[in-house]
Amino acid sequence: MEDMNKIVYVVDDDEIFHFIIRKMLGHQGNKLTITSFLCAEEALEQLSTIPEPPLPSLIILDMNMQRMNGWDFIEAYRGLKTSLKKTIPIIMCSSSVDVRDIQKVQHTPELMAYITKPLDKNKMKVIEEYL
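Residue numbers (this note's numbering): 1288 to 1418.
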């Protein structure tokens, strides 16, 4: 495992979710920096203005947000990812259990996984796999 600090972007308009994920990831003992974005535009802006890595090791993305949702973020990320030095795994996180959403995730190569809220230990294991 790399010795360097890993960065996780959490893109979600729910501040309580940010608090929970910080708590749950904080117990890992990993050298993690969690960067919170309450809107997708800010995360994209950050990704597009990073002159050199450190790029995030993982993006945890909410599906349903105001203004720009998770799918819009993926579309914008596609245009941006060619200029990034590495592919960043993205995990979509949502309270939706709609089969159409789950199928859409399976056909979206940028998305590594889909986890539903609320988080629990098993769902955290999915996140940890990508750290």
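Where a beta carbon is used, it is the ideal one built from N, C-alpha and C, also for glycine.
query = Pick from Ile1347, Met1352, Asp1359: whose alpha carbon is nearest that of Ile1375?
reply = What you label residue 1375 is simply residue 88 of the sequence shown in a count that begins at 1. Closest in C-alpha terms to Ile1375, from the list Ile1347, Met1352, Asp1359, comes Ile1347.
key: Separation of Ser1344 from Glu1289, as counted between CA atoms   = By 1-based counting over the sequence shown, the position of residue 1289 is 2. By 1-based counting over the sequence shown, the position of residue 1344 is 57. Here the model assigns Glu1289 a pLDDT of 47, short of 50, so the residue's position is not dependable and the matter cannot be decided.
inquiry  = For Tyr1417, report the span of its beta strand (DSSP E) as first-last.
reply    = The residue given as residue 1417 occupies position 130 in the sequence shown. Careful: Tyr1417 lies outside any beta strand (DSSP E) and carries neither H nor E.
ask   = Are the CB atoms of Leu1398 and Lys1293 nearer to each other than 9 Å?
value = For the purposes of this step, residue 1398 is taken as residue 111 along the sequence shown, with counting starting at 1. For the purposes of this step, residue 1293 is taken as residue 6 along the sequence shown, with counting starting at 1. The answer is no: Cβ separation not under 9 Å.
ask   = Alpha carbon to alpha carbon, what distance is there between Ala1400 and Gln1390?
value = Looking up residue 1390 in the sequence shown gives position 103. Looking up residue 1400 in the sequence shown gives position 113. Going by the C-alpha atoms only, they are around 11 Å apart.
query = Where DSSP assigns a beta bridge to Phe1324, which residues make up the other side?
reply = Stepping through the sequence shown from its first residue, residue 1324 is reached at position 37. BP columns for Phe1324 point to Val1298.
task = Starting from the Cα of Val1392, find the closest Cα among Ile1378, Pro1405, Lys1404 and give me that residue.
result = Taking the first residue of the sequence shown as 1, we reach residue 1392 at position 105. For the options Ile1378, Pro1405, Lys1404, the alpha carbon positioned closest to that of Val1392 is the one of Ile1378.
ask   = Exposed or buried, Asp1299, counting other C-beta atoms within 10 Å across all chains shown (16 or more means buried)?
value = Walking along the sequence shown from the start, residue 1299 turns up at place 12. Buried, because 16 or more other Cβ atoms sit within 10 Å of the Cβ of Asp1299.
key: Exposure of Ile1303, with buried meaning 16 or more beta-carbon neighbours within 10 Å   = Numbered from 1 along the sequence shown, position 16 holds the residue referred to as residue 1303. Ile1303 is exposed by the Cβ-count criterion.
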